[in-house]
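Following: one structure in structure tokens, then a few remarks.
Number of protein chains: 2
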Amino acid sequence: VGASKLLWGLARVMDPSELTIIVNTGDDIRLHGLHISPDLDIVTYTLAGAVNAETGWGLAGDTFYALEVLSRYGGPAWFNLGDRDLATHIHRTAMLASGSTLSETADSIRRGWGVAAKILPMSDDFVPTIIVTDRGEMHFQEYLVQHRAEPEVRDIHFEGIENARPAPGLIEALEAADGIIFCPSNPLISLGPIIAVAGVREKLWDLRERVVAISPLVEGRSLKGPSDRMLAQCGCEATSLGVAHLYSDIAGTLVIDPADERLRTAIEALGVKVAVEPSVMRGDEDKLRLARAVLAVLAAAASAASSGGAAVRTATGTIRGGARGKD
Amino acid sequence: VGASKLLWGLARVMDPSELTIIVNTGDDIRLHGLHISPDLDIVTYTLAGAVNAETGWGLAGDTFYALEVLSRYGGPAWFNLGDRDLATHIHRTAMLASGSTLSETADSIRRGWGVAAKILPMSDDFVPTIIVTDRGEMHFQEYLVQHRAEPEVRDIHFEGIENARPAPGLIEALEAADGIIFCPSNPLISLGPIIAVAGVREKLWDLRERVVAISPLVEGRSLKGPSDRMLAQCGCEATSLGVAHLYSDIAGTLVIDPADERLRTAIEALGVKVAVEPSVMRGDEDKLRLARAVLAVLAAAASAASSGGAAVRTATGTIRGGARGKD
């Protein structure tokens, strides 16, 4: 949700057709025989101005009549699917069944909503995020929605990640980018799956100086969702410094909120530059302001990188579940 | 729609668990990747008291929000699918995708609605009704809904009927039945596909004396739908006498409306007994009355059959597209 807010801002302060959005599909799940891609849809609906602003997911003003009838047939009712939203899943599932790739469905859907930004899934392969908890293993959506993120997280893995290929054009988009932004999202289960796709981490190493990450934590708390708790349960420090640790080998700059300014020195000691910007997005003005600020930080980073002024970096950061030092 | 009205009445004037309903699936169509079985659903929704009484199909009070979004994605919008109704198609499609038969989906759906009568598709195989018209060949739903039954019908065929097997239990249900009712439906494209399934016509020959058909025509007009025009375009007489011709080898008795009483002698000359009952169903009282009347006719026919009093029959009737004389 934080990511989609920033993306909404970015698509308004820059030419949206110059924006390529790479989206986590580890949250994807099959329910009622339908292929549901929650993150792709949140991003698409948000950029279309059609998202339910109250929840941050689903379509504004959607109704839930079909789900009531699906319950009659014994279908799972714990995952809310609106009637309008269902059309997206029906369309995606039909395209996949007739041989299209997930990338093609994502493109068809964003065009259906008149979204100018390119939207790429991280992979066309199905790589569900599995959460190992004190109550057993479960799909990420079961953990988050069905169990309300209550179970204690012991481990996270991305099923099938070994064989998942990056979506067509993904690596090329990274290479061609003037700058790369890690949106304010959970580093483990939102950015983590993307980074774990074959070739992405290696490419980010090369492009590190033009990567700007925005910390999803302010004063050790996530603004929405269980990121803070999940980080702590996975043995990471649940602060912007912990985020810097996770990203230090792949992001040259970390944007932190003024409330976290005291962490600046410790973050810089990891070889990560720090930019301080208010990163809580309450209204549209906040989104536009942060988007402008991030573009300015990116421009500065790109300029420093091309002038050879990149900071010496120490590759100590790891993303749980697949991190390797470069050297 | 006429059939579902009578079935609603039958399920109320007899023990509905004693009722087995064999449903045409030639109208089935795949749209938006979903398997849609319009006739199965009309029957199920009607017996559940949930049908949209105004249209005769779909669910009462249904909304059409998902279809709007499907249109964004370029999906066909000519076939109206309500949000609640879509849940049925989603459930059916998911069951089929996971290996269930159409019979199993029909049973799951009628149970979901608490319908006590057994509901059997004519076949688990996909046998779409193709209408050959002056504007080319088209699926029956395209003819009826998309083209509003305007094209001139030149021929009708049931694609794949040669290999379609009757649904499990169908032949046994016919054999075990105290009586068999042909509901007031289009003989060519509603009853026709069922009768054309392997073994059904032959079984009906044997059971002819306990078969009571209700003419869907009154004074040469169908009460709803294009039956009258379609019969004429296919070279059949569009009257209750024409219906008697089509059914004469498989139905011992034809119920006609008092308005058609003048056809009695001609129908009886085909070896078909005639029962005269008001067969226009405007309200619930009409449905209950006709249901009671049909059961009485059936009881009389069964009694006559078991006492050896069956009329000598002349097997001259044909159903276009697959009729054969028995002898």
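These protein sequence lines map, in sequence, to chains V and E.
Per the working numbering, the first sequence starts with residue 76, numbered consecutively.
Per the working numbering, the second sequence starts with residue 76, numbered consecutively.
Quick reminder that beta carbons are idealized off the backbone N, C-alpha and C, glycines included.
Source: prediction; values computed, not measured.
In the displayed model, residue 369(E) falls within a helix according to three-state DSSP.
Relative to residue 79(V), the option among 331(V), 144(V), 251(V) and 257(V) whose CA is nearest is 257(V). Using a C-beta cut-off of 8 Å, the segment 325-343 of chain E makes no contact with the segment 222-231 of chain E, since fewer than three inter-stretch Cβ pairs fall below that distance.
Here the C-alpha atom of residue 82(V) lies approximately 51 Å from the C-alpha atom of residue 206(E). For residue 143(V), the uninterrupted alpha helix (DSSP H) segment begins and ends at 140-147. Counting only runs of 3+ residues, the beta strand (DSSP E) found wholly inside the segment 242-269 of chain E occupies 255-257, in chain order. Nearest C-alpha to residue 138(V) among 218(V), 159(V), 129(V) and 354(V): 159(V).
What residue 359(V) touches in chain E, judged by beta-carbon distance under 9 Å, is nothing: the nearest beta carbon there is about 24 Å away. Fewer than three beta-carbon pairs drawn from the segment 339-352 of chain V and the segment 294-301 of chain V are found closer than 8 Å, and the two stretches are therefore not classed as touching.
Per DSSP, the continuous beta strand (DSSP E) segment holding residue 211(V) begins and ends at 211-214.
For residue 152(V), the closest C-alpha among the options 84(V), 109(V), 136(V) and 221(V) is that of 221(V). Secondary structure of residue 91(E) (DSSP, three-state): helix. Listed along the chain, the chain V residues whose CB falls inside 7 Å of the CB of residue 172(E) are 108.
Restricting attention to 334(E), 301(E), 333(E) and 291(E), the CA atom closest to the CA of residue 317(E) is found in 291(E). Between residue 197(E) and residue 99(E) a beta carbon distance of about 6 Å is seen, short of the 8 Å cut, so the two are scored as contacting. Closest option to residue 201(V), judged by alpha-carbon separation, among 84(V), 344(V) and 272(V): 272(V).
Taking the Cα positions, residue 332(V) is about 20 Å away from residue 305(V). For residue 249(V), the closest C-alpha among the options 275(V), 375(V) and 266(V) is that of 275(V).
Ranked by how close their Cα comes to the Cα of residue 380(E), the residues 177(E), 286(E) and 133(E) have 286(E) in first place.
Contacts with chain E (Cβ-Cβ distance below 7 Å) from the segment 106-136 of chain V involve 107, 108 and 109, listed in chain order. According to the DSSP secondary-structure assignment, residue 286(E) is paired through a beta bridge with 255(E). Residue 133(V) places its beta carbon less than 7 Å from that of residue 157(V).
Between residue 346(V) and the set 84(V), 262(V) and 321(V), the nearest pair of CA atoms involves 321(V).
Rounded to whole angstroms, the Cβ separation of residue 122(V) and residue 192(V) is 6 Å, and the two are in contact under 8 Å. With respect to chain E, the C-beta atom of residue 214(V) has no partner C-beta closer than 7 Å. Of all residues in the segment 278-307 of chain V, none comes within less than 7 Å of chain E when Cβ atoms are compared. Closer than 7 Å to the CB of residue 165(E) there is at least one CB belonging to chain V. Take the alpha-carbon of residue 373(E) and the one of residue 108(V): they are about 43 Å apart. For residue 103(E), no Cβ of chain V is located within less than 7 Å of the residue's own Cβ. In the structure shown, residue 223(E) falls within a coil segment according to DSSP collapsed to helix, strand and coil. Counting of Cβ neighbours within 10 angstroms places residue 189(V) among the exposed residues, the total staying below 16. Between residue 233(V) and residue 215(V), the alpha-carbon positions lie close to 10 Å from each other.
Residues of chain V with a Cβ closer than 8 Å to the Cβ of residue 168(E) are, in chain order, 108.
By the neighbour-count criterion, in which 16 or more other beta carbons inside 10 Å mark a residue as buried, residue 84(E) falls on the buried side. Under the DSSP assignment, residue 229(E) falls in the beta strand (DSSP E) whose first and last residues are 228-233.
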